[in-house]
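Numbering (my numbering), first residue to last: 187 to 581. A short worksheet on the structure shown next.
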Amino acid sequence: MRRAFVLGVGMTEFSKPGRPDPNYPELAHRAADAALHDAGIGYPQVEQACVGFVHADSTAGQRAVYELGMTGIPVMNVNNNCASGSSALLYARQLVQGGLADCVLALGFEKMQRGSLGTPNHPHAANPIEKFLEALSGLHEPFGAPVVLEMFRAAGTEHMQRFGTTPEQFAKVAEKNHRHSAGNPYAQFRDVHTLDEILASTEVCPPLTKLQCSPTSDGAAAAIVVSEDVVDRLGAADRAVEIVAQTLATDTAEAYDSAVNIVGTPISRRAARQVYEQAGVGPEDLDVIELHDCFSINEILTYEALGLCPEGEGGALVDSGDTTYGGRWVVNPSGGLISKGHPLGATGLAQCAELSWQLRGEAGPRQVDGARLALAHNVGIGSAGIVTLYRMAQS
Numbered sequence: 187m188r189r190a191f192v193l194g195v196g197m198t199e200f201s202k203p204g205r206p207d208p209n210y211p212e213l214a215h216r217a218a219d220a221a222l223h224d225a226g227i228g229y230p231q232v233e234q235a236c237v238g239f240v241h242a243d244s245t246a247g248q249r250a251v252y253e254l255g256m257t258g259i260p261v262m263n264v265n266n267n268c269a270s271g272s273s274a275l276l277y278a279r280q281l282v283q284g285g286l287a288d289c290v291l292a293l294g295f296e297k298m299q300r301g302s303l304g305t306p307n308h309p310h311a312a313n314p315i316e317k318f319l320e321a322l323s324g325l326h327e328p329f330g331a332p333v334v335l336e337m338f339r340a341a342g343t344e345h346m347q348r349f350g351t352t353p354e355q356f357a358k359v360a361e362k363n364h365r366h367s368a369g370n371p372y373a374q375f376r377d378v379h380t381l382d383e384i385l386a387s388t389e390v391c392p393p394l395t396k397l398q399c400s401p402t403s404d405g406a407a408a409a410i411v412v413s414e415d416v417v418d419r420l421g422a423a424d425r426a427v428e429i430v431a432q433t434l435a436t437d438t439a440e441a442y443d444s445a446v447n448i449v450g451t452p453i454s455r456r457a458a459r460q461v462y463e464q465a466g467v468g469p470e471d472l473d474v475i476e477l478h479d480c481f482s483i484n485e486i487l488t489y490e491a492l493g494l495c496p497e498g499e500g501g502a503l504v505d506s507g508d509t510t511y512g513g514r515w516v517v518n519p520s521g522g523l524i525s526k527g528h529p530l531g532a533t534g535l536a537q538c539a540e541l542s543w544q545l546r547g548e549a550g551p552r553q554v555d556g557a558r559l560a561l562a563h564n565v566g567i568g569s570a571g572i573v574t575l576y577r578m579a580q581s
């Protein structure tokens with residue numbers, strides 16, 4: 187099978203939703219144009235486009251790339267909930283590795299409404315997460331929060347009951363990620379907050395406070411995925427980032443067994459194991475990680491799913507300082523979803539951009555010293571879990 191490389195990345199600043207402009211075509215244009223410029227190629231060299239989004243109509247991907255030029259290329263629209271951006275990247279990689287294209291644009295964007303995410307507004311269609319909600323109602327007394335928040339609240343409560351995890355440990359995740367985002371010019375929030383400030387912020391759904399929850403956001407991100415032939419032809423091996431391994435996992439029947447499983451922990455664990463096996467590495471080999479901290483609870487669950495620590499010890503791991511600068515790994519140097527923002531279709535590709543900059547030594551004040559092996563984790567409830575491993579081509 188051929189190798190696939192990220193040759194260029196780009197993204198917009200993530201921002202608070204609610205403004206009419208810029209609309210998603212302009213956001214997508216800015217991110218894709220930046221990725222093309224970073225790759226040193228023009229849009230006519232792109233042979234296919236894979237476009238991820240959630241809150242837009244069916245052919246929004248075409249509308250987005252038409253801003254770059256109407257070249258007649260195939261455009262694939264991808265909706266995999268919060269993993270839509272990584273899904274677009276996965277399809278782009280498969281096209282290149284399968285020999286169907288040498289240069290593919292992976293693009294993700296979102297133009298969102300303010301407030302918590304609710305259930306889909308399609309009265310005559312089944313809710314895609316209804317089975318998860320039915321299982322959750324039999325496991326935990328509902329709090330009355332918006333549906334996604336309710337799911338993660340239950341998972342956090344369950345983890346606390348089983349393993350003694352504390353609200354302070356969840357809050358330490360948010361303290362770390364807000365601190366990291368101070369060096370990220372693309373982040374929606376760049377203010378640093380103390381642990382006490384995070385614990386004292388508005389309680390939205392115990393044990394979560396407002397500063398532990400990712401915001402709704404507007405934004406876009408993009409990557410140019412190419413074959414080894416393109417890298418060689420352009421003499422770009424010193425800038426190309428290889429997609430070493432990548433897996434998309436969906437649920438098995440165990441998804442309904444617990445609140446922790448309902449929010450996708452088993453699929454994250456399975457995807458991570460498959461990626462490690464494909465690449466012949468383990469979590470101890472990683473240097474920098476971007477993971478899906480939609481809520482601080484999920485970062486601790488994901489430490490365990492990725493094998494950074496045994497089950498039940500995610501709280502102790504964040505206490506140890508091993509997930510920030512000076513520790514064993516740097517997790518979410520971008521600020522993560524909590525602080526960078528979470529425009530659903532763009533999130534996975536924003537992770538790709540951050541890790542590409544980290545591996546190329548171009549991350550500025552948030553640079554992880556000696557970053558050589560990077561991992562991204564992106565999950566969408568319902569469910570899709572994608573884990574991607576990156577390294578420099580010259581490695």
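For glycine and all other residues, C-beta sits at the position ideal for the given N, C-alpha and C. Please read these numbers as outputs of a predicted model, since none were measured by experiment.
TODO: Helix, strand or coil for cysteine 495, going by three-state DSSP, please let me know.
DONE: Three-state DSSP puts cysteine 495 in coil, outside helix and strand.
Can you tell which of Pro551, Glu499, Tyr576, Ser525 has the C-alpha that lies nearest to the C-alpha of methionine 346? The shortest Cα separation from methionine 346 among Pro551, Glu499, Tyr576, Ser525 belongs to Glu499.
Cβ distance (whole Å) where alanine 560 is taken to contact leucine 541 below 8 Å | Confirmed, about 4 Å.
Just tell me which of Lys202, Tyr229, Ala225 has its CA closest to the CA of histidine 215.
-> Selected option, being the one with the closest Cα: Tyr229.
Give the DSSP-derived three-state secondary structure of valine 554 in the structure shown. In the structure shown, the three-state DSSP call for valine 554 is coil.
ask   = Relative to the C-alpha of valine 192, which residue among Arg339, Leu275, Leu385 is closest?
value = Per the Cα distances, Leu275.
*Exposed unless 16 or more other CB atoms sit within 10 angstroms - verdict on glycine 512*: Answer is exposed; the Cβ neighbour count stays below 16.
message = With three or more beta-carbon pairs closer than 8 Å as the criterion, would you say the segment 345–359 touches the segment 381–397?
response = Yes, the segment 345–359 touches the segment 381–397.
Would you call glutamate 470 buried or exposed, if buried means 16 or more other Cβ atoms sit within 10 Å of its Cβ? Glutamate 470 should be labelled exposed.
Query raised in the report: Taking 8 Å as the cut-off, is the CB of valine 282 close to at least one heavy atom of the ligand NAP?
Result: For the structure depicted, the ligand NAP is absent and the ligand set is empty, with no information on it obtainable.
Unbroken alpha helix (DSSP H) run spanning histidine 345, endpoints: DSSP places histidine 345 in the uninterrupted alpha helix (DSSP H) bounded by 333–349.
Checklist entry - Counting along the chain, where does the beta strand (DSSP E) carrying valine 411 start and finish? => result In the DSSP assignment, valine 411 falls within the unbroken beta strand (DSSP E) covering 405–413.
Taking DSSP as the reference, what is the three-state secondary structure of valine 467? Three-state result, valine 467: coil.
task: Take glutamine 231 as the anchor and find which of His223, Val237, Gly238 has the nearest alpha-carbon.
output: Distance check between glutamine 231 and each of His223, Val237, Gly238 places His223 closest, using alpha-carbon atoms only.
How far does the alpha helix (DSSP H) with tryptophan 533 in it reach, from first residue to last?
-> In the sequence on display, residue 533 carries threonine and not tryptophan. 533–546 is the extent of the alpha helix (DSSP H) around threonine 533.
message: According to DSSP, cysteine 480 sits in a beta bridge with which residue or residues?
response: Answer is none; cysteine 480 lacks a bridge partner.
### Query
Are there three or more Cβ pairs, one per stretch, closer than 8 Å when the segment 456–472 is compared with the segment 320–339?
Three or more Cβ pairs closer than 8 Å define a contact, and the segment 456–472 falls short of that threshold against the segment 320–339.
(Q) Just verifying my parser: in three-state terms, what is the DSSP assignment at isoleucine 384? (A) Looking at isoleucine 384 - three-state DSSP - the assignment turns out to be helix.
Next item on the list: Quick one: using the 10 Å Cβ neighbour count with 16 as the cut-off for buried, is aspartate 418 buried or exposed?
Entry: Counting Cβ neighbours within 10 Å, aspartate 418 comes out exposed, since fewer than 16 surround it.
Exercise for the section: Given a cut-off of 9 Å, decide if lysine 526 and serine 367 are closer than it, judged by their beta-carbon atoms. Expected result: Cβ atoms of serine 367 and lysine 526: closer than 9 Å.
Do you know how far the Cα of glycine 369 is from the Cα of alanine 426? In this structure, the straight-line span from the alpha carbon of alanine 426 to that of glycine 369 is close to 24 Å.
Using only the alpha-carbon positions, how far apart do glutamine 553 and glutamate 320 sit?
Taking the straight line from one Cα to the other gives about 44 Å.
Keeping to the same chain, check which residues put their C-beta closer than 6 Å to that of alanine 532; ignore five residues upstream and five downstream.
Once the five neighbours on either side are set aside, the close Cβ partners of alanine 532 are Gly271, Gly294, Phe295, Glu296, Gly405, Ala406, Ala407.
Inset, instruction - Please look up how many angstroms separate the CB atoms of valine 416 and cysteine 289, rounded, as I've assumed it's under 8 Å. - result: The C-beta separation of valine 416 from cysteine 289 comes to about 6 Å, placing the pair in contact by the 8 Å criterion.
ask   = Quick one, which of Ala445, Gly534, Pro392, Ala360 has its alpha-carbon nearest valine 504's?
value = When each option's Cα is compared against that of valine 504, the closest is Ala360.
task = Report the option in Ala422, His364, Asn447 whose CA atom is closest to the CA atom of glutamate 490.
result = Checking every option, the nearest Cα to that of glutamate 490 belongs to Asn447.
Is arginine 376 helix, strand or coil by DSSP? Arginine 376: coil per DSSP, three-state reduction.
*State yes or no: is the C-beta of alanine 235 within less than 9 Å of the C-beta of alanine 292?*
Against a cut-off of 9 Å, the Cβ pair of alanine 292 and alanine 235 comes out as a contact.
Can you give the Cα-Cα distance for alanine 485 and histidine 478, rounded to whole angstroms? The amino acid occupying residue 485 in the given sequence is glutamate; alanine does not appear at that position. Straight-line Cα distance between these residues: approximately 7 Å.
Tell me the residue span of the alpha helix (DSSP H) that contains arginine 188. Secondary structure note for arginine 188: it is in no alpha helix (DSSP H), with a DSSP letter that is neither H nor E.
Item to complete: Please specify which runs of the alpha helix (DSSP H), each continuous and at least 4 residues long, are wholly inside the segment 218–281, giving them in chain order.
Response: Runs found: 246–251.
Notebook entry, point to check: Between which two residues does the alpha helix (DSSP H) harbouring leucine 559 extend?
Noted result: For leucine 559, no alpha helix (DSSP H) run applies; the uninterrupted beta strand (DSSP E) run containing it begins and ends at 559–566, by DSSP.
- prompt: Can you list, in chain order, the residues of its chain whose CB lies under 7 Å from that of serine 201, leaving out five sequence neighbours each side?
  reply: Cβ neighbours of serine 201 beyond the five flanking positions: Gln374, Ser403, Asp404, Gly405.
Residues bridged to threonine 198 [DSSP beta-bridge criterion] = Residue pairing from DSSP leaves threonine 198 without any beta-bridge partner.
What residues are listed by DSSP as bridge partners for alanine 292? Under DSSP, the beta-bridge partners assigned to alanine 292 are Cys236, Ala409.
Please classify leucine 530: is it buried, with 16 or more other beta-carbons within 10 angstroms of its beta-carbon, or exposed?
Counting Cβ neighbours within 10 Å, leucine 530 comes out buried, since at least 16 surround it.
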